[in-house]
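Enquirer:
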Amino acid sequence: MQDAILVLNAGSSSLKFSVFRLESEAATLFIHGQLESLTTPDSHDQALTSVLERCTSELGENRLVAVGHRVVHGGVKYASPVQIDGVVLAELEQLVPLAPLHQPHNLAAIRAMSRRVPHLPQVACFDTAFHRTQPEVAQQFGLPRRFTEEGVRRYGFHGLSYEYIASVLEGHDRRAAEGRTVVAHLGNGASMCAMRGGKSIATTMSFTPADGLMMGTRCGSLDPGVLLYLMTRHSMSGDAVEHLIYHESGLLGVSGRSSDMRVLLSSANPNAVEAIDLFVYRIGRELGSLAAALGGLDALVFTGGIGENSAVIRERVCRDAAWLGAINIHVIPTNEEVMIANHTRRVLGLKGVS
Numbered sequence: 021m022q023d024a025i026l027v028l029n030a031g032s033s034s035l036k037f038s039v040f041r042l043e044s045e046a047a048t049l050f051i052h053g054q055l056e057s058l059t060t061p062d063s064h065d066q067a068l069t070s071v072l073e074r075c076t077s078e079l080g081e082n083r084l085v086a087v088g089h090r091v092v093h094g095g096v097k098y099a100s101p102v103q104i105d106g107v108v109l110a111e112l113e114q115l116v117p118l119a120p121l122h123q124p125h126n127l128a129a130i131r132a133m134s135r136r137v138p139h140l141p142q143v144a145c146f147d148t149a150f151h152r153t154q155p156e157v158a159q160q161f162g163l164p165r166r167f168t169e170e171g172v173r174r175y176g177f178h179g180l181s182y183e184y185i186a187s188v189l190e191g192h193d194r195r196a197a198e199g200r201t202v203v204a205h206l207g208n209g210a211s212m213c214a215m216r217g218g219k220s221i222a223t224t225m226s227f228t229p230a231d232g233l234m235m236g237t238r239c240g241s242l243d244p245g246v247l248l249y250l251m252t253r254h255s256m257s258g259d260a261v262e263h264l265i266y267h268e269s270g271l272l273g274v275s276g277r278s279s280d281m282r283v284l285l286s287s288a289n290p291n292a293v294e295a296i297d298l299f300v301y302r303i304g305r306e307l308g309s310l311a312a313a314l315g316g317l318d319a320l321v322f323t324g325g326i327g328e329n330s331a332v333i334r335e336r337v338c339r340d341a342a343w344l345g346a347i348n349i350h351v352i353p354t355n356e357e358v359m360i361a362n363h364t365r366r367v368l369g370l371k372g373v374s
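Under the working numbering, the first residue of the sequence shown is numbered 21, with each subsequent residue one higher.
Rendered as C-alpha cells:
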C-alpha cells in the first residue's frame, strides 16, 4: 500500500484537486481534476464530497494520509507551510479582509475536510511565504511605523507559482536561475516577481492581491486618492469600493465586455482593444521597475493561463521590452499543486514507499 496526499486549491467558483503518490524520491501525480461553477456554499460542500468519493473509487491500493491546501494569505506570522490546528485556523480567519476573493474559500475547504476526514492531518501552504526573502525596504509602505508593526506591509502573492518556477528554472536556463530573472504570472489574477538566485527580491502585488498589474476584474495599482474621491463624491461605502476594485474593474471594467483575454483578443471593439493595450502597458511599466530593483535583467519567464497560452500577449510584452537589450525568454507552465504536495510531505515528515 502506498501513501498519497490530497491537494486542494479552493477558489471563489472552482475547486482544483490533485492526488500525489509518495514515491521514495518525489510526489507523483495520480489523480487530477477541477470542478467549476460553484456559486453557493452548498455547491462547494458538494464538490468536496465528490472529490472524496472519486478518491475512494480511484485510489485502489493507495491510501490518503494528508491534505495540503493553498492558502492565499499567511500574514506576518506564517512565512512557511504549517500544520493546521484550531489556533492556526483562527489566525488565518483574521486575514480574510486582506484576500476576500480567496481566503474565505481556502478556509472553508479546510473546515469541511476537518468534518469529513478528521483523522487526516492538514497543511496550509501560503502564497505570501515565498516573498519573505525580500529586503525589508521592499516590504514597507511610506506609512507611520505603527501601521507597519501592525502588519500593514507589502506581502506579495502567487508565491507557490514563483517557488515552482524557481525550483525548475535551472533545468531551462542556469544563468537565469543563478542571476536576475523576472517571472510574469499572467492569468485572471496577474503579478510579476523579480528573483535573484531563485529568491524573491520584489513583486507587484502588495498588501492585498488587488495591487500591481491590471487583472481580469481587479484594477491593479490605484492612487489612494481615487478611493477617497469615490467615497466622498459618490458616497460609496467601503463594501461598494471593495466590490468595485475586486469584481468590476480590470479587463472587464475597461472593456465593458469580458474579463477573459481570449474574448477580448477576438474582438475588434475599441474598448476591448484599449483594455488589452492597458494590460500590456502595465506589464511593461512593472517590468521596468522590477529590472531596476534587480540592477539589470538576464531573463523573463512567462507563466499562468495568459502567459503560457497567449503568444500575442507575450510578443507585445517582449516588443515593448526591447530597450532591455538581449535577454532570454522562457515559457514555463507552473505547478502550484506539486509544491503543495512537497511542502505537506516535508511538514508532516512523510517518507513514502518505493
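Glycine is no exception: its CB is placed at the ideal position from the N, C-alpha and C atoms. Source: prediction; values computed, not measured.
Expressed to the nearest angstrom, what Euclidean distance is found between the alpha-carbon atoms of H178 and E356?
Expert: Those two C-alpha atoms are separated by around 9 Å.
Enquirer: Please identify the residue among D23, C213 and V27 whose C-alpha is closest to the C-alpha of V358.
Expert: Closest option to V358, Cα to Cα, is V27.
Enquirer: By the DSSP assignment, the beta strand (DSSP E) with M215 in it spans what residues?
Expert: Unbroken beta strand (DSSP E) run through M215: A210 to R216.
Enquirer: Does the distance from the C-beta atom of L284 to that of S275 stay below 8 Å?
Expert: Cβ distance < 8 Å, so L284 and S275 count as in contact.
Enquirer: Rounding to the nearest angstrom, what Cα-Cα distance links G53 and I326 in this structure?
Expert: Computed Cα separation, rounded: 20 Å.
Enquirer: Going by Cα to Cα distance, which pick from P353, L49, T48 and E111 is closest to A186?
Expert: The residue with the shortest Cα to Cα distance from A186 is P353.
Enquirer: First and last residue of the alpha helix (DSSP H) that includes G308?
Expert: Run containing G308: P290 to L314, per the alpha helix (DSSP H) assignment.
Enquirer: Exposed or buried, what is M21 when buried is set at 16 or more other beta-carbons lying within 10 Å of its beta-carbon?
Expert: That one is exposed.
Enquirer: What are the start and end residues of the beta strand (DSSP E) that includes R174?
Expert: Counting along the chain, R174 falls outside any beta strand (DSSP E), and DSSP gives it neither H nor E.
Enquirer: Relative to the C-alpha of G207, which residue among V300, E169 and A119 is closest?
Expert: Among V300, E169 and A119, the Cα nearest to that of G207 belongs to V300.
Enquirer: The beta strand (DSSP E) spanning N29 covers which residue range?
Expert: That run of the beta strand (DSSP E) goes Q22 to A30.
Enquirer: Near S374, which residues of its chain fall below 6 Å by C-beta distance, leaving aside the five closest residues on each side in sequence?
Expert: Its pLDDT being 43, under 50, S374 is placed unreliably by the model, and nothing is read from it.
Enquirer: Buried or exposed for Y249, please, with buried defined as at least 16 other CB atoms from any protein chain shown within 10 angstroms of its CB.
Expert: Y249 is exposed by the Cβ-count criterion.
Enquirer: When DSSP labels each residue in this structure, what does C239 get in the three-state scheme?
Expert: Coil at C239, not helix or strand.
Enquirer: Would you list, in sequence order, the uninterrupted alpha helix (DSSP H) runs of no fewer than 4 residues that lie entirely inside the stretch 250-291?
Expert: If we require 4 residues or more, the alpha helix (DSSP H) runs fully inside the stretch 250-291 come out as 258-267, 270-275 and 281-285.
Enquirer: Between which two residues does the alpha helix (DSSP H) harbouring G88 extend?
Expert: No alpha helix (DSSP H) contains G88, which is instead part of the beta strand (DSSP E) from N82 to V91.
Enquirer: Quick check on P120: buried or exposed, where buried means 16 or more other Cβ atoms within 10 Å of its Cβ?
Expert: Label assigned to P120: buried.
Enquirer: Between which two residues does the beta strand (DSSP E) carrying I221 extend?
Expert: Where I221 is concerned, the enclosing beta strand (DSSP E) stretches over K219 to T223.
Enquirer: At the level of alpha carbons, what is the spacing between I349 and L310?
Expert: Spanning the two alpha carbons is a distance of roughly 16 Å.
Enquirer: State the start and end residues of the unbroken beta strand (DSSP E) segment that holds N348.
Expert: From DSSP, the beta strand (DSSP E) with N348 extends over N348 to V351.
Enquirer: Quick check: M225 and G217, are their CB atoms within less than 8 Å of each other?
Expert: Cβ distance not < 8 Å, so M225 and G217 don't count as in contact.
Enquirer: Going by beta carbon distance, what residues of the same chain come within less than 6 Å of V143, once the five residues before and after it are set aside?
Expert: Same-chain partners within the cutoff: G88, P101, Q103, T364 and V367.
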